[in-house]
Each structure stands twice: as C-alpha cells, then as structure tokens.
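>
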Amino acid sequence: TNEWVDYAVDVQAAGSYKVDFRVASVPGNAQLQLRNSAGTPLGSVNVGNTGGWQNWITVNATVTLPAGTQTLRVFAAASTGCNLNYLTFAAAGGSGSTACTGTVASGDYSYEASTTSGTVNWKFIPLAPIAGSSMAIIYVKVGAGGYAGYPMTAAGSNFTFAQPQASGAALSFYFTYRVGSGMAERNSAATPHSYSVGTTCPGSRAALASSRTTAASQAQLYPNPANTQLTVPTTGRATLTITDVLGRVVHTESVPGNQPATVVDVHSLRPGSYFLTLREAAGPATVQRFVKE
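Below, the structure written as structure tokens:
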C-alpha cells in the first residue's frame, strides 16, 4: 500500500482512453489507481487472487487525458501484494489501429507496430549506438506458439516487415540486429515486446519504464522464477546489481573473474519481479528480468 511508480507519457490527442493493467496477485484484495501529476485519481482497478505471481490477467479502467507530455502515476491504494507487468493505452471506443512505438532502455533502437486492413506493419529504427546497422531480423510469436524469424527489408536507414494477422491476436516479438556494418550482433530475446493486433501495445511512449531490453545477447540466469538462489553465468570480473520495479537497489555484489557462474542468495527478497544488471569490466552491461517466488 502507498507504493507508486511514475511514467512519462505523450498523449497525442485529448480524450477518453481505455487503460489495460496486466497484473498478477496471490493474496488479491489489491487496488491500483492511475493518478495525474497533481495526485488526482483518474481511474482505478481492483485485483483479486489470480492463482500465482505469474498468472497474469488484464483489468481495465477508462480515464480522460489532456493532450501533451505529462506524468502519470500508478499508485497502490490498497494492496497485500500485486505484480504489475505493463500498461496498455488505447482510445476508448476507437478502432484501435493507432501505431505502437517504443524505445529500448539500451537506446539501441526504437520500433513501431500498426495494423492496416488486417496486416501488421513493423518498423525497426536504429538509433545512435547502432547507427549504420546493416541487418535486422524480427522474430514473431502468436499466442503460446513458437517464434518464427523473418528478415526485415531495408528502407533508408530503417527496416520494415509486414505480415497478415487475425484481429486481436496477441503477438510477442523481438529483434536481432547488427551493431554497425559487419560488427557484432545483438538481440532483445530476453525481454520481447508485445502487440495486440489492431491496438496499441506495451513498449509505446505510454509504457512502463520497467520494459527493459538487454544490451547484448547473453546466457540466461536460472532458475527463473527463483526461490532461494539464482545462478548467473559470467565471463569475467563484474559488478552485479538487483533492482526492484521501482528502480530501488536491493542487492549488489562484486563478481570475481575466475568462475563461470555466480550464485546469488535471493531468499530475503519479497515475491515479485526484479531486474539483474551485470556490468562486466570488458563488454556492455546486460539486464535480465527474473521473478522471486
């Protein structure tokens, strides 16, 4: 109760918006409010027991927003424990064909996704860290199926791909891309983006700051979810930091360079979602999301 997270949003047009909250809770009896920068509640949702910390459901509220850049706050008005995965904004009563946009935390790229006449159109936009990228591949998963990879088509300095999809289909997608011409490849497979065909999607300018992407391809930590211990593969000396979804540091330690993996004690962490950042002496920092049971 009384915990909160602020998000900067850019509302293109004033009006009513349906806000979907993707949530999970074991005890239930939670209420989340969406507030404006003055602290005024705009709308709220109640969260019951979903049967597991990763058993996600979607609950929604309709709010009225003015146009322009502003700060919105998700405030836990009443909670005995609730995980918040993401928010989705869509014009209330609209066709839901507004383009989704997003920029990854690493700053490597931004993307767009929109639906026109039953076809989803993606655009991959390299930013300064990977300017001049010569390749992009998009991997798309429909519902609970597997990922399929598709080469994207160069369009100036960007890359595009289009694919027919059923209205309302829940898509997950990530990108593999090259850092400059002929250089190393990176991907965002660890934290894929989401898109519901015909609507906006998490990862847009109205999305949560906790939608993070790893800066490079890396071995995955395990087990995930974790209970008492978490094993993190390493390749050299590094600093390991764990933060909660509010950005608060809850654990930090130094990793020696003479072992292939580090075991982290997480038994004292409260159940929920966390981000583990590994900053090695040689190479970029990587971020992975894990769940503490």
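1 is the number of the first residue of the sequence shown in the working numbering; add one for each residue after it. Ideal Cβ placement from N, Cα and C applies to all residues, glycine included. Just so you know, these numbers come straight off a predicted model, no measurement behind them.
Would you report the Cα separation of Asn187 and Lys141, rounded to the nearest angstrom?
Walking along the sequence shown from the start, residue 187 turns up at place 187. Walking along the sequence shown from the start, residue 141 turns up at place 141. Separation of Asn187 and Lys141 (C-alpha to C-alpha, rounded to the nearest whole angstrom) is 15 Å.
> How would you write the range of the beta strand (DSSP E) that His267 sits in, first residue to last?
Here residue 267 refers to the residue found at position 267 of the sequence shown. From DSSP, His267 is part of no beta strand (DSSP E); its letter is neither H nor E.
> Would Ala190 and Gln288 qualify as a contact pair, given that the criterion is a beta-carbon distance under 8 Å?
Here residue 190 refers to the residue found at position 190 of the sequence shown. Here residue 288 refers to the residue found at position 288 of the sequence shown. In contact: Ala190 and Gln288 (Cβ atoms closer than 8 Å).
> With distance defined between alpha-carbon atoms, name the residue in Glu3, Phe159, Ala38, Phe89 nearest to Cys100.
In the sequence shown, residue 100 corresponds to position 100, counting from 1. Checking every option, the nearest Cα to that of Cys100 belongs to Phe89.
> Tell whether a beta-carbon distance below 8 Å holds between Leu230 and Val266.
As a first step, residue 230 is located in the sequence shown; it is residue number 230 there, counting from the start. As a first step, residue 266 is located in the sequence shown; it is residue number 266 there, counting from the start. Yes, they are a contact pair.
> So the candidates are Leu65, His193, Pro27, Val47; which of them puts its Cα closest to the Cα of Ile57?
If you number the sequence shown from 1, residue 57 lands on position 57. For the residues Leu65, His193, Pro27, Val47, the minimum Cα distance to Ile57 belongs to Val47.
> I'd like to know if Ala136 contacts chain B, where contact means its C-beta is closer than 8 Å to some C-beta of that chain.
No chain B appears in the structure shown, which is made up of a single protein chain.
> According to DSSP, Ser44 sits in a beta bridge with which residue or residues?
Taking the sequence shown and counting its residues from 1, the one referred to as residue 44 is at position 44. Note: Ser44 sits in a beta bridge opposite Gln33.
> Report the option in Tyr195, Pro223, Gly156 whose CA atom is closest to the CA atom of Gln165.
In the sequence shown, counting from the first residue as 1, residue 165 sits at position 165. When each option's Cα is compared against that of Gln165, the closest is Tyr195.
> Is Gly68 buried or exposed, if buried means 16 or more other CB atoms sit within 10 Å of its CB?
Here residue 68 is taken as the residue at index 68 of the sequence shown, counted from 1. Per the 10 Å Cβ criterion, exposed.
> Report the rounded CA-to-CA distance for Ala76 versus Ile242, giving the unit in angstroms.
Residue numbering aside, residue 76 sits at position 76 when the sequence shown is read from its first letter. Residue numbering aside, residue 242 sits at position 242 when the sequence shown is read from its first letter. Between the alpha carbons of Ala76 and Ile242 lies a distance of about 22 Å.
> Given a threshold of 16 other Cβ atoms within 10 Å of its Cβ, counted over all protein chains shown, does Asn55 qualify as buried or as exposed?
Sequence index remark: in the sequence shown, residue 55 carries index 55 (1-based). The residue is exposed, with fewer than 16 neighbouring Cβ atoms inside 10 Å.
> Between Pro256 and Arg279, is the Cβ-Cβ spacing less than 8 Å?
In the sequence shown, the residue the question calls residue 256 occupies position 256. In the sequence shown, the residue the question calls residue 279 occupies position 279. Not closer than 8 Å, so no.
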